[in-house]
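Undergrad:
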Amino acid sequence: MQNNAIAITARWRMPPDCTLIMREAINGAGIALADTMMAQDLLQQGKLVAPFSARHTYPAGIYLHQRRSIGNKPGTGLFQDWLLSEVEDHKRVMAIA
């Protein structure tokens, strides 16, 4: 029996950059599936819209990795506190549990 599969090649490649994908969506080239953290400002400005209220959370969370050699340097703890505060603020603004 002969396989009658048809090969379809795509001429369009996904841009490797989330900001490029969102810019293309703003310019009318299609839709963007983006992380709300990356799209928050554009959503608030009305440049992008979220047609659905559903949000998907990543069970793995967000990781902060640093070399041991910088763990005790001044400002490291401040940066970590600021970053975690930004994540919590984002969750509150975007109504993500």
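Reading the sequence shown from the start, the letters are residues -16 to 80 in the numbering used here.
Backbone N, C-alpha and C fix where the C-beta goes; we use that ideal spot for every residue, glycine too.
1) Please specify which runs of the alpha helix (DSSP H), each continuous and at least 4 residues long, are wholly inside the stretch 2 to 58, giving them in chain order.
2) Measuring only the C-alpha atoms, how far is L26 from L47?
3) For A37, count neighbouring Cβ atoms within 10 angstroms of its own Cβ and tell me buried if that reaches 16, exposed if not.
4) Taking C-alpha atoms, which residue in D24, K30 and Q63 lies nearest to H73?
5) Taking 8 angstroms as the threshold, find out whether the stretch 4 to 16 comes into contact with the stretch 56 to 67 through three or more Cβ pairs.
TA: With the given structure in hand:
1) For the alpha helix (DSSP H) assignment, the uninterrupted runs of no fewer than 4 residues enclosed by the stretch 2 to 58 are, from N- to C-terminal side, 19 to 27.
2) Your numbering for residue 26 matches position 43 in the sequence shown. Your numbering for residue 47 matches position 64 in the sequence shown. About 26 angstroms.
3) As a working mapping, residue 37 is identified with position 54 in the sequence shown. Using a 10 angstroms sphere on the CB of A37, the tally of other CB atoms stays under 16, which defines it as exposed.
4) Residue numbering aside, residue 73 sits at position 90 when the sequence shown is read from its first letter. Looking at the Cα atoms, D24 is the closest of the given residues.
5) Between the stretch 4 to 16 and the stretch 56 to 67, the count of C-beta pairs closer than 8 angstroms stays below three; the two stretches do not touch.
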